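Chemist:
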Amino acid sequence: MEKRNVEKLNSPSDFMTTHLTGVTCASSSPALLTPSHFTVTSTPSLTSVTPICSAPSLPPHGADPRTLLTHTQPEVMQLHQENRRLLHTLHTQASHTPQREEVERLKEELRERDSIISRQCIEREDLCAELKQSTQKVQQMCEHHAAELSALTHTNSELKNTLHTLTQEITSLRHQVEEVTSERDVLKEQLSARSREKAEQAETLHKLRTYIGTHTRGEDQHTLIERLQKEKEALCLSVELLNVRVKSANDILTLQERELEEQCDPLRRDRSARLLSLWREKVFMLLVQLRSKDSQLHTENTQLHHTVSDLQQLVQKLQSHIALLQHNLQDKTAQLQLHNLHTQELQQQLCSAVEENERLKKHKESSEKSTEHLTDTVHRMSVCVGEWESQIEAAQCRMSALTQRLDFASIRLHTVHGLLMRREALWKVQQATKPAEPTASDSCIERLQLQVELLSLERDTLTQELKRTPQLINNALRDLQLQLCAVDRSREELTVCELRCVEAHTHCEEQERTIVELRAEAHHTQTILQEKLSEVESVCAMQLKEMESHLNTARREHTKAVVALRQVERAAERERQQEREAERARSEHTHTHITQLHTQLKEKDRDRHILLAVVQQQGLMSEYKKVRRAAIHTSTALTDEQQHKQQQTGDTGQQEGSVLNVLCELRSLSSDLIHSTDEEDEDDELGQGEHTQKH
């Protein structure tokens with residue numbers, strides 16, 4: 219459109235040279251003047267032009283036109299030449315003067331445009347600097363974000379490693395807890411086994427107590443009382459029999475002593491007294507031996523009672539120690555439960571830390587995506603800014619071209635206006651001089667109207683373009699403002715992202731601190747658990763050693779007591795057998811002696827009867843009575859002596875009574891031992907039967 223309009227516009231030379239050689243122009247119409255002649259009013263050429271227009275001498279009115287043509291042709295040619303020369307000079311002068319003015323004006327416009335361009339360049343440089351700064355900031359932010367992302371990835375990997383190590387530690391702690399629980403179960407089993415052993419030992423001790431007769435239950439006591447009553451009755455019978463036997467033995471001894479006294483000669487009484495004293499000493503020695511054996515048995519029995527009481531005290535100590543161990547185990551189990559709860563809390567904290575880490579990962583990924591989006595937007599904005607800069611530069615170039623065209627169009631309009639004024643003046647002159655030529659003027663007017671229309675069209679287009687250019691500039695400025703707002707928003711988003719990254723970094727540091735604290739707490743709890751486990755193990759080992767030592771000592775003492783009891787039982791059985799054999803021998807001896815005495819008594823009775831019969835027959839009863847009285851006196855003397863001796867040997871009699879008491883006690887103990895051994899055998903048989911039934 220611009221080229222078409224430029225082609226349609228005519229230069230000033232067209233108005234000066236067109237139709238000069240034609241018929242219409244070849245007539246008496248003068249040559250056209252330049253537009254500068256009408257535009258530039260201050261130039262001196264106008265004074266020279268005006269006389270030229272009025273200088274030619276007009277021929278007289280009514281002359282022949284041919285003659286006039288022939289007459290005026292050289293003048294016209296001369297005028298044409300002068301006009302050309304003047305036009306050339308005027309054109310040169312007018313071209314120089316407006317060119318100078320135009321050059322100055324163009325210089326001023328160029329200066330203004332240079333200032334505008336410099337200002338726009340400065341603004342563009344500022345914008346470029348701001349864009350560079352923003353790009354640098356974006357790059358720095360990207361680098362910072364990349365560094366933070368690398369740090370976050372590194373911290374994430376470290377957190378993963380720490381989580382892995384913590385999970386391993388937790389698994390190891392779980393294994394340790396399982397081992398501790400298994401050890402606790404083993405210890406419980408050992409304690410249950412020891413408690414069973416202790417119960418068995420208590421049962422054995424209970425049996426020993428019942429065996430010795432110190433501790434029995436109600437039914438056992440009732441049965442034992444009945445049995446003891448029966449034994450008491452039997453012992454009473456045996457004591458009565460023994461008393462009878464002792465009395466009979468004393469009677470026998472007295473009779474034997476009397477017989478010895480009677481048989482011995484009165485001259486040999488010292489010998490008989492010596493024999494009696496020897497016999498009594500032997501009896502006393504036997505009684506002393508029995509008493510010593512009784513005292514030994516009593517001391518052994520007391521020792522056994524002491525050992526049993528010591529064993530009972532030891533068992534009570536073991537029971538109290540076992541109760542303490544049970545309480546310690548309960549305390550340790552409670553501590554283990556507390557540690558389990560603490561480990562569960564640590565696991566929950568670790569789970570929360572893992573969830574927080576995952577949330578931070580997601581936040582990091584979102585921040586990475588946002589940074590990538592921001593970098594993309596910044597890149598697009600930089601590309602758009604470059605495009606808008608190129609568009610602005612193109613618009614500036616176009617504005618410069620349009621201003622040049624506007625200047626040229628304004629100059630053309632001035633020239634056209636001058637030409638129109640000149641033509642109007644010439645037309646008026648020609649109308650005044652030649653009213654008979656309407657066709658040429660009409661054609662010129664039509665041509666001029668066409669040119670005016672074309673010029674008006676071009677002017678309208680130029681005005682439209684001039685109106686459209688500020689709109690384009692405003693649109694470009696609006697786009698630049700929008701881009702600047704977008705850049706500001708991107709900067710704000712970058713600052714927000716920086717703040718979020720800082721918050722994420724602080725949160726990660728807090729998470730790291732919490733993880734370090736949790737790790738320290740886990741290590742502390744692990745050390746505490748290990749210390750407590752070592753303490754528990756050491757205490758349990760010491761307690762087990764002590765229990766084993768106590769059990770070994772109790773077993774040894776139990777075995778010693780059992781061996782001592784068996785030895786006592788065997789000794790008692792041997793003594794009982796010896797006593798039975800001695801009693802049997804004594805009974806046999808006494809029986810034989812009694813039979814002998816009976817036979818002797820019968821013989822003596824028979825002899826006495828015979829002697830009495832002989833004495834009665836011979837009349838010697840008075841002598842017999844005398845002899846009998848003397849014998850009675852001697853017997854009373856002997857009894858007195860015996861009483862005196864008995865007073866001297868009262869201690870020996872008391873010893874004999876104590877010996878008899880000891881014998882009674884030994885017999886009761888022997889009967890108790892026999893019954894207890896029978897009961898133990900029955901209990902063992904019952905226990906073996908129950909054990910076989912259980913199996």
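In the numbering used here, each residue carries its 1-based index in the sequence shown increased by 218. A virtual CB, placed ideally from N, CA and C, is assigned to each residue, including glycine. In this text, all values refer to a predicted model and were calculated from it rather than measured experimentally.
Between the stretch 553 to 568 and the stretch 408 to 423, are three or more C-beta pairs nearer than 8 Å?
Modeler: no
Chemist: Classify Ser368: buried if its beta carbon has 16 or more other beta carbons within 10 angstroms, exposed otherwise.
Modeler: As a working mapping, residue 368 is identified with position 150 in the sequence shown. Label assigned to Ser368: exposed.
Chemist: In whole angstroms, what separates the C-alpha of Leu384 from that of Ala365?
Modeler: As a position in the sequence shown, residue 384 is number 166, starting the count at 1. As a position in the sequence shown, residue 365 is number 147, starting the count at 1. The alpha-carbon separation between Leu384 and Ala365 amounts to approximately 27 Å.
Chemist: For Ala803, count the other beta carbons within 10 Å of its own beta carbon; 16 or more makes it buried, fewer makes it exposed. Which is it?
Modeler: The residue given as residue 803 occupies position 585 in the sequence shown. By the neighbour-count rule (16 or more Cβ atoms within 10 Å), Ala803 is not buried but exposed.
Chemist: To which residues of the same chain is Glu753 closer than 8 Å at the C-beta, ignoring the five residues directly before and after it?
Modeler: The residue you call residue 753 lines up with position 535 of the sequence shown. Nothing meets the Cβ criterion.
Chemist: Which whole-angstrom value is the C-beta distance of Ala772 and Gln419, which I expect to be below 8 Å?
Modeler: Along the sequence shown, read from residue 1 onward, the residue named residue 772 stands at position 554. Along the sequence shown, read from residue 1 onward, the residue named residue 419 stands at position 201. Sure, about 6 Å apart at Cβ, within 8 Å.
Chemist: Please report the Cβ distance between Cys703 and Ser588, rounded to the nearest whole angstrom; I am assuming they are in contact, meaning their Cβ atoms lie under 8 Å.
Modeler: Residue mapping note: residue 703 aligns to position 485 of the sequence shown, counting from 1. Residue mapping note: residue 588 aligns to position 370 of the sequence shown, counting from 1. Wrong, their Cβ atoms sit about 19 Å apart, outside the cutoff.
Chemist: Taking the straight line between their C-alpha atoms, what separation do you get for Glu583 and Thr724?
Modeler: Within the sequence shown, residue 583 is the residue found at index 365, counting from 1. Within the sequence shown, residue 724 is the residue found at index 506, counting from 1. C-alpha separation (whole angstroms): 17 Å.
Chemist: Work out the CA separation of Gln648 and Ser674 for me, nearest whole Å.
Modeler: In the sequence shown, residue 674 corresponds to position 456, counting from 1. In the sequence shown, residue 648 corresponds to position 430, counting from 1. Whole-angstrom Cα-Cα distance: 27 Å.
Chemist: Count the other CB atoms, across all protein chains shown, that sit within 10 Å of the CB of Ser585; report buried if there are 16 or more and exposed otherwise.
Modeler: For the purposes of this step, residue 585 is taken as the residue at position 367 of the sequence shown. Buried, since its Cβ has 16 or more Cβ neighbours within 10 Å.
Chemist: Return the residue from the list Glu376, Gln748, Val705, Asp678 that minimises the CA-CA distance to Arg598.
Modeler: As a position in the sequence shown, residue 598 is number 380, starting the count at 1. Here the closest residue by C-alpha is Val705.
Chemist: Please return the same chain residues whose Cβ sits closer than 7 Å to the Cβ of Ser888, not counting the five positions on each side in sequence.
Modeler: For this step, residue 888 is matched to residue 670 along the sequence shown. Since pLDDT at Ser888 reaches only 48, below the 50 mark, its modelled position is unreliable, and the value read off the structure follows with that caveat. Within the same chain, Ser888 has close Cβ partners Ala790, Arg794.
Chemist: Exposed or buried, what is Glu676 when buried is set at 16 or more other beta-carbons lying within 10 Å of its beta-carbon?
Modeler: Translated into the one-based positions of the sequence shown, residue 676 becomes position 458. Burial call: buried.
Chemist: In whole angstroms, what separates the C-alpha of Leu556 from that of Cys758?
Modeler: For the purposes of this step, residue 556 is taken as residue 338 along the sequence shown, with counting starting at 1. For the purposes of this step, residue 758 is taken as residue 540 along the sequence shown, with counting starting at 1. Near 21 Å, if we compare the C-alpha coordinates of Cys758 and Leu556.
Chemist: Pull up the distance between the alpha-carbon of Leu542 and that of Asp549, whole angstroms please.
Modeler: Numbered from its first residue, the sequence shown carries residue 542 at position 324. Numbered from its first residue, the sequence shown carries residue 549 at position 331. Spanning the two alpha carbons is a distance of roughly 10 Å.
Chemist: From Glu330, Gln351, His382, pick the residue whose C-alpha is nearest to that of Ile733; which is it?
Modeler: Counting from 1 along the sequence shown, the entry for residue 733 is found at position 515. Nearest C-alpha to Ile733: His382.
Chemist: What does the Cβ neighbour count give for Ser800, buried or exposed, with the cut at 16 atoms within 10 Å?
Modeler: On the sequence shown, residue 800 is found 582 positions in, with the first residue counted as 1. First, the amino acid is wrong: residue 800 is Ala here, not Ser. Ala800 should be labelled exposed.
Chemist: If you draw a straight line from the C-alpha of Ser805 to the C-alpha of Arg412, how long is it?
Modeler: Your numbering for residue 805 matches position 587 in the sequence shown. Your numbering for residue 412 matches position 194 in the sequence shown. Answer to the nearest angstrom: the Cα atoms are 56 Å apart.
Chemist: Would you call the stretch 732 to 749 in contact with the stretch 561 to 581, where contact means no fewer than 3 C-beta pairs closer than 8 Å?
Modeler: yes
Chemist: Can you say whether Val780 is buried or exposed, counting buried as having 16 or more other CB atoms within 10 angstroms of its CB?
Modeler: Against the sequence shown, residue 780 aligns to sequence position 562. Counting Cβ neighbours within 10 Å, Val780 comes out exposed, since fewer than 16 surround it.
Chemist: Thr743 and Leu578 - do their beta-carbons sit closer together than 9 Å?
Modeler: The count along the sequence shown starts at 1 and reaches residue 578 at position 360. The count along the sequence shown starts at 1 and reaches residue 743 at position 525. Against a cut-off of 9 Å, the Cβ pair of Thr743 and Leu578 comes out as no contact.
Chemist: Let's test the definition: count the other Cβ atoms within 10 Å of the Cβ of Gly604 and tell me whether it reaches 16, buried, or not, exposed.
Modeler: Position 386 of the sequence shown holds residue 604. It counts as exposed.
Chemist: Using the beta-carbon count (16 or more within 10 Å), is Thr713 buried or exposed?
Modeler: In the sequence shown, residue 713 corresponds to position 495, counting from 1. Under this definition Thr713 is an exposed residue.
Chemist: Measuring CA to CA, which of Leu446, Ser510, Ile540 is closest to Leu762?
Modeler: Residue 762 sits at position 544 when you count from the first residue of the sequence shown. Measuring from the Cα of Leu762, the nearest candidate turns out to be Ile540.
Chemist: Excluding five sequence neighbours on each side, which residues of the same chain lie with their C-beta closer than 6 Å to the C-beta of Thr259?
Modeler: Stepping through the sequence shown from its first residue, residue 259 is reached at position 41. Reliability fails at Thr259, whose pLDDT of 38 lies under 50, so the model's placement of it is uncertain and no value is given.
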